[in-house]
Ligand code: GLV
Ligand code: MG
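In my numbering, the protein residues as written are 31 to 353.
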């Protein structure tokens, strides 16, 4: 995976608001993206490019992933967004987010444009990553080739608002289930489709916004669904959603301890001292090589989040046959 930095919480910040950008620097989000697209009015876009360049160059972002969302390639703004932001602040920027991606060709365009700018300014070629938002039927159908389109790709992002609008889903509440469809999760298919493409191409899978920003419990429910499927993180639109996202995309303490215990027990039982066993009992459960792989995922997530084990497994004490 090109980028292993956690992206549990990806904070959206309007590129036209110096005040909100300044505030974002001190928040606990894993990623911040400064928006030139939908959070930025058309007349504010040229000024926002300059605001973003200054904010990136001023620093103070700590270990956050610094991303700029440009406008989509059907607009007249995209090339100027990329050229101004990357020429102005390319060395203080980790990735460009391209919204409403419909085909691999759009990722190729961004990749070539970034390379041109990097070569012209003497930046390291290929360092700046790409985040691709999937927001309509064409994007979803082409998501495999989009995910494969560039070694710069780092994430595939689901954009529920534009997606719901583009497929005529009958709901006006972004990220919530459409009334009338009570038998399942209306987002299961696009989420799974995106997750498969991301995993097949070793990218992070990110869920999009939940707009009822005061309803943190609602956020936890929606975030919990994509986290349960295997997504790596979710957008946050308000500081109040950040802690909930970070918690939801971390393993629980119980799961983290359990994963570390499976790894230790499996390592011991498969060793000479443990009897060179392949499938063994850990408490009431049988563990084998597949259990080890599943445990490794949870262990890596917990370690990346700085978790510490509380409940520790120890090898069985040998029975002393002489006594
Ligand atoms: C985000 O861009 C969305 O459309 O949900
Ligand atoms: Mg959108």
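The beta carbon of each residue, even a glycine, is placed where N, CA and C say it ideally should be.
Rounded to the nearest angstrom, how far is the Cβ of residue 185 from that of residue 234, given a contact under 8 angstroms?
4 angstroms
Residue 114 versus residue 40: straight-line alpha-carbon distance, rounded
23 angstroms
Less than 6 angstroms between C-beta atoms, sequence neighbours within five positions excluded: which residues of the same chain meet that for residue 321?
292
Among 190, 177 and 187, which has the Cα closest to the Cα of residue 232?
177
Contact defined as beta carbons within less than 8 angstroms: I believe residue 38 pairs with residue 60. What is the distance between those atoms, to the nearest angstrom?
5 angstroms
Residue 290 beta carbon near the ligand MG (any heavy atom closer than 6 angstroms)
no
For residue 45, is the beta carbon positioned less than 6 angstroms from some heavy atom of the ligand MG?
no
Could you name the residues whose beta carbon sits closer than 6 angstroms to any heavy atom belonging to the ligand MG, keeping them in chain order?
68, 129, 165, 189, 191 and 192
For residue 302, which three-state DSSP category applies?
coil
Compare the Cα-Cα distances from residue 283 to each of 221, 150 and 333 and report the closest residue.
333
Could you check whether the Cβ of residue 239 sits closer than 6 angstroms to any heavy atom belonging to the ligand GLV?
yes
Per DSSP, cross-strand counterpart(s) of residue 183:
160
Could you tell me the alpha carbon to alpha carbon distance between residue 236 and residue 265, rounded to whole angstroms?
7 angstroms
Of all the options 95, 346, 278 and 129, which has the alpha carbon lying nearest to the alpha carbon of residue 104?
129
Taking the alpha-carbon positions, what's the residue 132 to residue 166 distance?
8 angstroms
With respect to the beta strand (DSSP E) encompassing residue 265, which residues constitute its N-terminal and C-terminal limits?
263-266
Using three-state DSSP, classify residue 146 as helix, strand or coil.
helix
Beta-bridge partners of residue 234, as assigned by DSSP:
185
Could you give the C-beta distance for residue 66 and residue 78, rounded to a whole number, given that I count them as a contact under 8 angstroms?
6 angstroms
Does the segment 95-110 come close enough to the segment 297-307 that 3 or more CB-CB pairs lie under 8 angstroms?
no
Through-space distance from residue 54 to residue 92, alpha-carbon basis
11 angstroms
Taking just the CA atoms, how far does residue 151 sit from residue 331?
37 angstroms
Please name the residue or residues paired with residue 128 in a DSSP beta bridge.
162
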